[in-house]
């Protein structure tokens with residue numbers, strides 16, 4: 001499934017790690033003595049698990065809600081359950097999860113405006129890849145169905 005949602009190898013690799021639960025959260029890093037705390041880098045209140053980092057954290061829930069509103073404004077009604085988010089219903093969801101992880105690494109709380117900027121950049125990258133591979137029509141079909 002990650003190979004249909006995006007052509008960018010970084011996002012494919014990330015989605016593979018996410019699906020197979022091999023993203024190093026603070027819970028795991030603390031257990032391995034590679035982190036000083038098992039708490040979430042964003043809220044510092046709960047143990048950082050994959051579920052917490054990508055969905056339950058009080059700093060993450062608002063950007064998922066903003067994504068839902070954004071999709072609804074563009075007539076794309078999608079229910080974002082943990083299952084849908086986990087298995088990447090489309091490239092936008094994969095990008096949101098990747099964005100969250102990058103913000104964790106940068107020690108910054110994610111915000112939706114930064115995500116939208118990142119989304120536009122990724123769309124431009126995928127379009128340029130499609131142009132260079134002579135697959136622009138496939139790219140445009142994907143943009144319509146995503």
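Residue numbers (my numbering): 1 to 146.
All C-beta atoms, glycine included, are put in the ideal place defined by N, C-alpha and C.
- Assignment of beta-bridge partners to residue 39 by DSSP yields 47.
- Residue environment for residue 41: buried (at least 16 other C-beta atoms within 10 angstroms of its C-beta).
- Residues 11 and 14 of the same chain have their beta carbon placed closer than 7 angstroms to that of residue 98, with the five preceding and five following residues left out of the count.
- Contact annotation, residue 38 with residue 47: C-beta distance approximately 5 angstroms; criterion of less than 8 angstroms satisfied.
- With the rule of 3 Cβ pairs closer than 8 angstroms, the stretch 47-66 does not count as touching the stretch 131-138.
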